[in-house]
Amino acid sequence: MEGMKAMGTYSVSIEMQKLRRAGVLNTLFFAGIAGAIYAVLNWLVRKDYLLSADVDPMTALLTQLYGVISLLNVFAIIVSTSNIYSIEHKNNGLRKMHTLPIKSGSVFLQKLIILVGALALTYVIEFASLAILGGSYLPSGTFALGEVLQFAFYVFLIIMPCLVFMLIISMISPNMWITVGIGIVGFFSGMSMVGMDNRISYLNPFVLLLKPAMELTSGMNIVIISIAIIETIVLILLGIFIANKKTEE
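Mapping the sequence shown onto this note's numbering, position 105 (from 1) lands on 104, and the numbers just tick up by one.
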């Protein structure tokens, strides 16, 4: 039991080192910094317009600034996931890993957990800037920290299907540029479908994460949350299955 535990700890530490060398963690961290800077600059330039808009000040703060922040996060995910399996694909690293007492499905999960943690830090940085802006500039009595936290949790949850999907593509494709290309195509498909009044379009992971930027409310959409959770679970199970299947090949 202790040996298995040690192996699990060792493999996680190895994954952390590989992702750091591949620039994955730095990419997501700097995406958070860039998103926070964008939010501040955008607000300083447009605050008079946003505060005079026919929407609640909190809604204007969250939904209007979220749009470009979400784009930065999507591209950070595309870049990060395109690199995340690059070390394994080089020099037949994946085949060599199959000789170790570690299941490929476990490696997939470890990478995903590290990615989720790094992306969570990205969101903390970005939404901390929104909270500071709201507390400093919104009219008295209109700022609600709880609403910021709820919206942050909401948009973090609905980007998960995109994150897992791109990780699967990276695992399957030995060419990182194919992963990047699929991510960009997925993003533009999301942009073209996000305005559709058709829930079938929600099956596209890139549509879900763009929806809040199109809404006139910062409230959580239960339908979108439910679909995001189901998609995330299905994609994780699919990723584990594919990873273990590749081990048998």
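From the three backbone atoms N, C-alpha and C, an ideal C-beta is built for every residue, glycine too. No experiment lies behind these values; they were computed from the predicted model shown.
- [ ] Can you tell me which of the three DSSP states Glu230 falls into?
- [x] In the sequence shown, counting from the first residue as 1, residue 230 sits at position 231. Reduced to three states, the DSSP call for Glu230 is helix.
Task: Buried or exposed by the 16-neighbour rule on C-beta atoms within 10 Å, applied to Gly133 - done: One-based indexing of the sequence shown puts residue 133 at position 134. Buried: at least 16 other Cβ atoms inside 10 Å.
TODO: Return the chain-ordered list of same chain residues with a C-beta closer than 6 Å to the C-beta of Met6, the five sequence neighbours on each side being excluded.
DONE: Numbered from its first residue, the sequence shown carries residue 6 at position 7. Unreliable positioning characterises Met6 in this predicted model, as indicated by a pLDDT of 45, which lies under 50. A coordinate reading is not provided.
Open item on the list: Using a 10 Å radius around the Cβ and a threshold of 16 neighbouring Cβ atoms, would you call Glu1 buried or exposed?
Closed with: Walking along the sequence shown from the start, residue 1 turns up at place 2. Bear in mind that the predicted position of Glu1 carries a pLDDT of just 43, short of 50, making it unreliable; the figure below should be weighed with that in mind. In the assembly as shown, Glu1 is an exposed residue. Its beta-carbon has fewer than 16 other beta-carbons within 10 Å.
Open item on the list: Are the CB atoms of Phe150 and Ser217 within a distance shorter than 9 Å?
Closed with: Locating residue 217 in the sequence shown gives position 218, counting from the first residue. Locating residue 150 in the sequence shown gives position 151, counting from the first residue. Yes, the Cβ-Cβ distance between Ser217 and Phe150 is below 9 Å.
Open item on the list: Please tell me whether Leu27 and Ser79 are closer than 9 Å, where the distance is taken between their beta carbons.
Closed with: Against the sequence shown, residue 27 aligns to sequence position 28. Against the sequence shown, residue 79 aligns to sequence position 80. Between Leu27 and Ser79, the gap from beta carbon to beta carbon is short of 9 Å.
Task: Identity of the residue in Asn197, Val193, Pro138 nearest Lys210 by Cα - done: Walking along the sequence shown from the start, residue 210 turns up at place 211. Among Asn197, Val193, Pro138, the Cα nearest to that of Lys210 is on Val193.
Task: Option nearest Val23 by Cα separation, candidates Asn82, Leu50, Asn72, Asn197 - done: The residue you call residue 23 lines up with position 24 of the sequence shown. Nearest of Asn82, Leu50, Asn72, Asn197 to Val23, Cα basis: Asn82.
Open item on the list: At the level of alpha carbons, what is the spacing between Ile68 and Pro138?
Closed with: Along the sequence shown, one-based indexing puts residue 68 at 69. Along the sequence shown, one-based indexing puts residue 138 at 139. Their Cα atoms are separated by approximately 23 Å.
Task: Length of the line joining the Cα atoms of Tyr9 and Asn197 - done: Start at 1 with the first residue of the sequence shown, and residue 9 comes out as number 10. Start at 1 with the first residue of the sequence shown, and residue 197 comes out as number 198. Low confidence applies to Tyr9: its pLDDT is 47, below 50, so where it sits in the model is not reliable, and the reading given next is rough at best. When rounded, the distance between both Cα atoms is 46 Å.
TODO: Measure the alpha-carbon distance for Val163 versus Gly182 and round it to whole angstroms.
DONE: Locating residue 163 in the sequence shown gives position 164, where the first residue counts as 1. Locating residue 182 in the sequence shown gives position 183, where the first residue counts as 1. Their Cα atoms are separated by approximately 12 Å.
Task: Own chain partners of Thr178 with C-beta closer than 6 Å, once the 5 adjacent residues on each side are dropped - done: Within the sequence shown, numbered from 1, the residue matching residue 178 stands at position 179. These residues qualify, in order along the chain: Ser81, Ile168, Ser169, Ser172.
Task: Cβ-Cβ distance between Leu207 and Glu230 below 9 Å - done: One-based indexing of the sequence shown puts residue 207 at position 208. One-based indexing of the sequence shown puts residue 230 at position 231. With respect to Glu230, Leu207 sits close: the two C-beta atoms are nearer than 9 Å.
Open item on the list: For Met175, count the other beta carbons within 10 Å of its own beta carbon; 16 or more makes it buried, fewer makes it exposed. Which is it?
Closed with: Numbered from its first residue, the sequence shown carries residue 175 at position 176. A buried status is given to Met175, since no fewer than 16 other beta-carbon atoms sit within 10 Å of its beta-carbon.
Open item on the list: Below 8 Å on the Cβ atoms is my contact criterion, and I expect Glu125 with Gly34 to pass it. Report the Cβ-Cβ distance as a whole number of Å.
Closed with: Position 126 of the sequence shown, counting from 1, holds the residue named residue 125. Position 35 of the sequence shown, counting from 1, holds the residue named residue 34. Indeed they touch by this definition, with Cβ atoms about 4 Å apart.
Task: 7 Å CB neighbourhood of Ala227 in its chain, flanking five on each side removed - done: Looking up residue 227 in the sequence shown gives position 228. Excluding residues within five positions, the ones whose Cβ falls inside 7 Å are Leu156, Ile157, Met159, Pro160, Leu207.
Open item on the list: For a quick check, are the C-beta atoms of Met213 and Gly185 less than 9 Å apart?
Closed with: Translated into the one-based positions of the sequence shown, residue 213 becomes position 214. Translated into the one-based positions of the sequence shown, residue 185 becomes position 186. Cβ atoms of Met213 and Gly185: not closer than 9 Å.
Task: Minimum C-alpha distance to Ile77 - residue among Phe205, Met219, Ser105, Lys46 - done: In the sequence shown, counting from the first residue as 1, residue 77 sits at position 78. Of the listed residues, the one whose Cα sits closest to Ile77 is Phe205.
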